[in-house]
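Notes to accompany the following structure.
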Amino acid sequence: MTEGTSRRLILKTVAAIPLALTFGLVASPLLRFLRPTIKPLDLFGPSDQPKPKKDVNFKNSDFPEAWTCIPFMFEQTYKEYNPEGQEVRKIPGYIVSLPNGEKVAYSRICPHLGCVFNFVKDPEECAKGYNYKPTGPVFACPCHLSVYDIAQGGKVVSGPAPRPPRRFDLKKDGDNIAVLSLEAGGIA
């Protein structure tokens, strides 16, 4: 090895150390973004995604006819850096039986500005109170008059709401229906 080669190797190594440190510091937030956990670089630890606190269950017999709507409260725990290590949020929801027998569940939080909306079964009542006459039962927000068509997957049919309300994931097991989790996202 010549003197010029060893000097070049030393200079390359000295120049590479800050780059290696920079990439090392970027790796932790990147890995945390790709797989959220409570501790940095804890790739094999449990995820810190929200989890249900307790089960919310229904039976098919709770829905005697089409458009039966049952309100419920879904409690979800979030990992937090506080003395309890978590925060519990209560999310109001509706579970509805559609005419085809399918059950769907939605958060009652309006995606416009976070008001709690109502289930309106009668189209005439909706026309009087929300300035929109639907063809069937809908969810309607009393704050800014957004109306969501349940038969079309919660589609916004009137008002300023930017999107449908968030859906709950359901698990059907024979006669039992369990509310598992809430679709990810925020109010807006």
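So the number in my numbering is just where the residue sits in the sequence shown, counting from 1, plus 51. Glycine included, C-beta positions come from ideal geometry on N, C-alpha and C. Every value quoted in this text rests on a predicted model; they were computed, and no experiment measured them.
Exercise for the section: Could you pull out every unbroken beta strand (DSSP E) segment of at least 3 residues lying fully inside the segment 150-209, listed in chain order? Expected result: 154-158, 169-171, 189-191, 198-200, 206-209
Exercise for the section: Please name the residue or residues paired with Arg46 in a DSSP beta bridge. Expected result: Here the chain has residues from 52 to 239 only, and residue 46 is not among them.
Practice task
Could you tell me whether the segment 99-111 touches the segment 76-85, using the rule of 3 or more Cβ pairs below 8 Å?
Solution key: no
Handout entry: Rounded C-alpha distance that separates Ala239 from Val167
Key = Working through the sequence shown from its first residue, we reach residue 239 at position 188. Working through the sequence shown from its first residue, we reach residue 167 at position 116. Residue confidence for Ala239 is low, a pLDDT of 44 falling below 50, so the modelled location carries little weight and cannot support an answer.
Handout entry: Simplified DSSP state of Phe84, which is helix, strand or coil
Key = Mapped onto the sequence shown, residue 84 falls at position 33. The answer is helix: DSSP assigns Phe84 an H, G or I state.
Handout entry: Nearest to Pro115 (by Cα), restricted to the options Asn151, Phe125, Glu135
Key = Residue 115 sits at position 64 when you count from the first residue of the sequence shown. Of Asn151, Phe125, Glu135, the residue nearest in Cα terms is Asn151.
Handout entry: Coil, strand or helix - Ala239 by DSSP
Key = On the sequence shown, residue 239 is found 188 positions in, with the first residue counted as 1. Only weak support exists for where Ala239 lies, its pLDDT of 44 falling under 50; the value from the coordinates is given anyway. Coil at Ala239, not helix or strand.
Practice task
Quick one: grab the DSSP three-state call for Phe74.
Solution key: As a first step, residue 74 is located in the sequence shown; it is residue number 23 there, counting from the start. Helix, per DSSP.
Practice task
Give a single yes or no on whether Pro213 has its beta carbon closer than 7 Å to a heavy atom of the ligand MG.
Solution key: Absence of the ligand MG from the depicted structure is noted, as is the absence of any ligand whatsoever, leaving it without description.
Handout entry: Straight-line gap, Thr56 to Thr73 (C-alpha atoms, nearest Å)
Key = Translated into the one-based positions of the sequence shown, residue 56 becomes position 5. Translated into the one-based positions of the sequence shown, residue 73 becomes position 22. Near 26 Å, if we compare the C-alpha coordinates of Thr73 and Thr56.
Handout entry: Tyr199 vs Pro215 beta-carbon contact at 8 Å
Key = If you number the sequence shown from 1, residue 199 lands on position 148. If you number the sequence shown from 1, residue 215 lands on position 164. Yes; because the gap between Cβ atoms is below 8 Å, this pair is in contact.
Practice task
Helix, strand or coil for Pro220, going by three-state DSSP, please let me know.
Solution key: What you label residue 220 is simply residue 169 of the sequence shown in a count that begins at 1. For the sequence presented, residue 220 should be read as Asp rather than Pro. Here Asp220 sits in strand by DSSP.
Practice task
Kindly confirm or deny that the segment 217-237 and the segment 186-202 touch, where touching means at least three C-beta pairs closer than 8 Å.
Solution key: no
Handout entry: According to DSSP, residues forming a beta bridge with Ser148
Key = Position 97 of the sequence shown, counting from 1, holds the residue named residue 148. According to DSSP, which records beta bridges pairwise, Ser148 is partnered with Lys154.
Exercise for the section: Drop a sphere of 10 angstroms on the beta-carbon of Pro249, count the other beta-carbons inside from all chains shown, and report buried for 16 or more, exposed for fewer. Expected result: Residue coverage of the chain in this structure runs from 52 to 239, which leaves residue 249 outside it and unanswerable.
Problem - Candidates Ile201, Glu234, Ala235, Gly75: closest to Val147 by CA position - result: The residue given as residue 147 occupies position 96 in the sequence shown. The residue with the shortest Cα to Cα distance from Val147 is Ile201.
Problem - Contacts around Val208, its chain only, beta-carbon distance under 8 Å, and the 5 residues preceding and following it disregarded - result: Taking the sequence shown and counting its residues from 1, one reaches residue 208 at position 157. So the list reads Tyr183, Pro185, Val189, Val198, Tyr199, Asp200, once near-sequence residues are dropped.
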